[in-house]
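Chemist: Below you will find the structure I want to go over with you.
In the UniProt record's numbering, the protein residues as written are 1 to 1037.
Put into structure tokens, the structure is as follows:
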């Protein structure tokens, strides 16, 4: 207890604490000690270990750590199982790059077995770095019991989940236009497609389609994807839109387009003549000639279809339809009995159905197709369109939309149940419940869960030639069906497994699950449910808590909700904290390539992990807002919070050691008002932090902690410092020590979940024998209402507000606080505020360094209020009445002005017309009595009397001398108890100052002697008086 404080950086101290946690197994003890207590269940979303963690991981990880540390200290058993996301595109993409592979053909030539084993070999590449960095950030998780999505047990539970959905009629195969990554050769889910939009320039092309049976007449359709024109099968119009047939004045051709879109193509009506106007519904079924002959024999094709969603904001109001490459097109053509044509392979290249462009990537063909159409005379307008376009989140290549045969979960069937389950979830921030997440659920579409990939959990469907389906829901079922021992469920182990049933051969489909299906299955699969751990899972489902980033509202949060609703008609979690996205300082996405953010571990080394944790917890990021990460923000937290916190602790230990003070078992109620105040405030802090944490509002929980550090250091310790300096042991000194000890000890426990390193470092040197060895093994402090004094808190708040006004005045008028002033006038019309200030007048006087505090209920005792119109707001309203209004306003009484200031309106008569004026209409200025300077905030007005006599000037000079000598002590590395000799070469005025205030000066600087003589000391300006000062340490005998 109270060991001498080591000189070490925050980083060095944190590493020392981290080593002690590891050595003494503090995390394990914190969990084990609560094993027989109620469990607090938590799901940890699995990250990929193919890359290093970034600030986004640390933000979400810190939120999880804060909540789980808090719940543990509140008495819950809170195991923290970590997991690894092992499957999916990120891993495959790394292997493709490493082996110069591109697309499914090259992978299959390489060999699926070889490819998958290569994926397995790299999937945990950075796990050790993850472990080190997660631990260094102070996050406690169980790395000894991790789940991995590639493990046999996990994959088997995923199969079980799928079979449950299949048996509930929630799985079907169908065609659907999906976002498609040509680079990766697989469809993406809608929420994956929304991950990476970019501003791009695409062709803007208006094309003429000849109307069948009408000479020299064309439909005009607009597109930004010329490559899809190869597969055009229909044109779509809005049924209630007005369309016109016009004659072009330049070329004499007849064009049909939406009337509202004429302005896009013609500057004025001289460029055309309207021949006919019809509703879109009248165009339905009209035939036109195909642009190309590739699919000219397609049944029911090349006609006009009606489509409600046709938009007139761009283009011609006529939309070209290629049903294989647009979702709206697909459904419109399906209704008309027009079949699909899809001359594009899984790598986005034209097939041999299009001989001119076979093997060419579709978007690369745009220029050639446009050139060809121009040669055919089909292009009416060709320009460039800048718009947002989706790119593959993994390969960063443009997506296309393509009809694919895929397996779906019928999300729309359970949408109402999902919305009902969402109502049972507590969201933080709350607006996400009905907002971003709720709206996403309302618009939810069936989920395409199959991927044409390799490294993933295979979909357990075996199909016979006649379409009969067998679903394996477990390893045992597959072993029985195939009469084969199963040791691995990856594709290269089971793709070739077939079996015969009822004379039919069943073969597995080649697809694997979307890895989001695996993540959504995590609550069941991590415990190998239902094959093992049934009771464990069922007693802790739904989870009490999860937390991830805002992007997961359309990812993990969504898939968890889909599967839990489908399986159990329950939400998967009860409480969720959603953090914002961490961006670079310039507001852009953090990029390793651009190097637009500091390396996290470099920042930890400079400022410590606690500072990064608190910086993030004290930002809008815990409220779902984006955070522009700024290293200077971390530095500010260190300077404003951690250094003062540590200095407060250091101050206490230093003087406790000097006086050999030890805490008492009995702690009587202290006499000093400031002791009672700080004890009340630490109890308030305890309650406020608990209130925030209990509703998962980390912003509300952190804010009081930040504010309390300032109250502790800049008010309590600063105001009480002299009490700790008393040479003799007195009750007052003892109560000061006991109070500060109790406050620091409580603070370490309250702050422990947020800033675990500094809290534990301080706690360990304050704890008594018999206390737990770490703050993290303690119970969370209990709130003691009997220690609250809310009246005293209110009094001190008013005092601090008044003092703050006074300090601001001194700063504004460049008047040092060290210079005593004759008086401060304090006025308030609130009698309770005046009562509070009267009771604490000594504090006001001392803080503002004034000789007298004069109270008044009317500020006009020293301030004259003047009112004038706010011409900006009143000018427009009053017009000619402005001049009489100015006269009326200038005559407002103080009482009337007070009403305006309090938010009330005043009714006035202006030339017989009644008007209402508000505080926005009237500007109130204060004219202060000569010799005073004044300021106002809310109900308090203060004025400082700035007149100085010789006595006050000399006293101010004495305080200036003390300040400069104590600065020299600090800069010279003197110990707080060192006595000194002072030599000073200065003016007569400074000598006079010593004659009057010498005892005060010597006492404040611990000087045993002062000699006025020439010396080689430091040159100072003491309020305009020259001085050279030298101090020497008195050697103790």
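Ideal Cβ positions, reconstructed from N, Cα and C, are used throughout, including at glycine.
Our contact map puts residue 593 next to residue 440 with C-beta atoms below 8 Å; I'd like the distance itself, whole angstroms only.
Modeler: About 31 Å; that fails the 8 Å criterion.
Chemist: Which full runs of the beta strand (DSSP E) of 3+ residues lie inside the stretch 751 to 823, going along the chain?
Modeler: Taking only runs of at least 3 residues, no beta strand (DSSP E) segment lies wholly in the stretch 751 to 823.
Chemist: Thinking C-beta only, is residue 454 closer than 7 Å to residue 122?
Modeler: Against a cut-off of 7 Å, the Cβ pair of residue 454 and residue 122 comes out as no contact.
Chemist: Expressed to the nearest angstrom, what Euclidean distance is found between the alpha-carbon atoms of residue 691 and residue 569?
Modeler: Looking at the two C-alpha atoms, the distance is approximately 31 Å.
Chemist: When you compare each of 494, 529, 758 to residue 512 by their alpha carbons, which one comes out closest?
Modeler: Of the candidates 494, 529, 758, the one whose C-alpha sits nearest the C-alpha of residue 512 is 494.
Chemist: So which of 35, 243, 174 has the shortest CA-CA distance to residue 403?
Modeler: Of the candidates 35, 243, 174, the one whose C-alpha sits nearest the C-alpha of residue 403 is 174.
Chemist: Near residue 663, which residues of its chain fall below 6 Å by C-beta distance, leaving aside the five closest residues on each side in sequence?
Modeler: Within the same chain, residue 663 has close Cβ partners 741.
Chemist: With DSSP as the reference, identify every bridge partner of residue 390, one or two as the case may be.
Modeler: DSSP output for residue 390 lists 197 as bridge partner(s).
Chemist: Expressed to the nearest angstrom, what Euclidean distance is found between the alpha-carbon atoms of residue 394 and residue 78?
Modeler: Going by the C-alpha atoms only, they are around 35 Å apart.
Chemist: Check residue 649 in the structure and name its three-state DSSP category.
Modeler: In the structure shown, residue 649 sits in a helix (DSSP, three-state: H, G or I).
Chemist: Look at the alpha carbon of residue 310 and the alpha carbon of residue 118, and state the distance between them as a whole number of angstroms.
Modeler: If you take the alpha carbons of residue 310 and residue 118, they lie about 48 Å apart.
Chemist: Looking at the structure shown, is residue 150 part of a helix, part of a strand, or coil, going by DSSP?
Modeler: In this structure, residue 150 counts as coil in the three-state DSSP scheme.
Chemist: Here's the rule I'm using: 16 or more other beta-carbon atoms within 10 Å means buried, otherwise exposed. How should residue 319 be labelled?
Modeler: Buried, by the Cβ-count rule.
Chemist: Rounding to the nearest angstrom, what Cα-Cα distance links residue 258 and residue 550 in this structure?
Modeler: So the alpha carbons of these two residues sit roughly 41 Å apart.
Chemist: As a quick exercise: from 206, 417, 408, 291, pick the residue whose alpha carbon is nearest that of residue 385.
Modeler: Measuring from the Cα of residue 385, the nearest candidate turns out to be 206.
Chemist: Look at residue 306 and residue 239 and say whether their C-beta atoms are less than 7 Å apart.
Modeler: Taking 7 Å as the Cβ cut-off, residue 306 and residue 239 qualify as a contacting pair.
Chemist: Buried or exposed: which applies to residue 157, given that a residue is buried once 16 or more other Cβ atoms fall within 10 Å of its Cβ?
Modeler: The residue in question, residue 157, is buried, as its Cβ has 16 or more Cβ neighbours within 10 Å.
Chemist: So, with DSSP's three-state summary, where would you put residue 509?
Modeler: Correct three-state label for residue 509: coil.
Chemist: With a floor of 3 residues, list each beta strand (DSSP E) that falls wholly inside the stretch 358 to 387, ordered by position along the chain.
Modeler: Qualifying beta strand (DSSP E) stretches: none in this window.
Chemist: What residue range does the alpha helix (DSSP H) around residue 10 cover?
Modeler: It spans 10 to 24 - the alpha helix (DSSP H) in which residue 10 sits, taken as one unbroken run.
Chemist: When burial is assigned at 16 or more other CB atoms within 10 Å of the CB, is residue 518 buried or exposed?
Modeler: Result: buried.
Chemist: Contact between the stretch 18 to 33 and the stretch 521 to 534: three or more CB pairs below 8 Å?
Modeler: These segments do not touch.
Chemist: How about residue 638 and residue 607: are their beta carbons less than 7 Å apart?
Modeler: In contact: residue 638 and residue 607 (Cβ atoms closer than 7 Å).
Chemist: Quick check: does the Cβ of residue 1001 come within less than 6 Å of any heavy atom belonging to the ligand FMN?
Modeler: Summarising the ligand content, the structure contains no ligands, and the ligand FMN is consequently not present.
Chemist: What's the C-alpha gap between residue 343 and residue 353?
Modeler: Rounded to the nearest angstrom, the two C-alpha atoms are 6 Å apart.
Chemist: Which two residues bound the contiguous alpha helix (DSSP H) that contains residue 842?
Modeler: Counting along the chain, the alpha helix (DSSP H) containing residue 842 begins and ends at 841 to 848.
Chemist: Which same chain residues, not among the five before or five after residue 411, have their C-beta less than 7 Å away from its C-beta?
Modeler: Same-chain partners within the cutoff: 444, 445, 446, 447, 562.
Chemist: If we ignore side chains and look at the alpha-carbon of each, how far apart do residue 120 and residue 649 end up?
Modeler: The alpha-carbon atoms of residue 120 and residue 649 are separated by roughly 50 Å.
Chemist: With distances taken from CA atoms, which of 85, 115, 107 is nearest residue 126?
Modeler: Residue 126 has its Cα closest to that of 85, out of 85, 115, 107.
Chemist: Are the Cβ atoms of residue 656 and residue 17 separated by less than 7 Å?
Modeler: No, these two residues do not count as a Cβ contact at 7 Å.
Chemist: Return the Cβ separation of residue 66 and residue 754 in integer angstroms, given the expectation that the two are a contact with Cβ distance under 8 Å.
Modeler: The pair is a contact, with the Cβ atoms about 6 Å apart (cut-off 8 Å).
Chemist: Whose C-beta lies closer than 6 Å to the C-beta of residue 52 among residues of the same chain, with five residues either side of it excluded?
Modeler: 126, 129.
Chemist: Please state whether the Cβ-Cβ distance between residue 44 and residue 2 is less than 7 Å.
Modeler: No, the Cβ-Cβ distance between residue 44 and residue 2 is not below 7 Å.
Chemist: Whole angstroms are fine: how far does the CA of residue 138 sit from the CA of residue 721?
Modeler: Roughly 33 Å separates the two Cα atoms.
Chemist: In terms of residue numbering, what span does the alpha helix (DSSP H) encompassing residue 217 cover?
Modeler: No alpha helix (DSSP H) contains residue 217, which is instead part of the beta strand (DSSP E) from 217 to 223.
Chemist: Given that a residue counts as buried once 16 or more other Cβ atoms are within 10 Å of its Cβ, and exposed if not, what is residue 97?
Modeler: By the neighbour-count rule (16 or more Cβ atoms within 10 Å), residue 97 is not buried but exposed.
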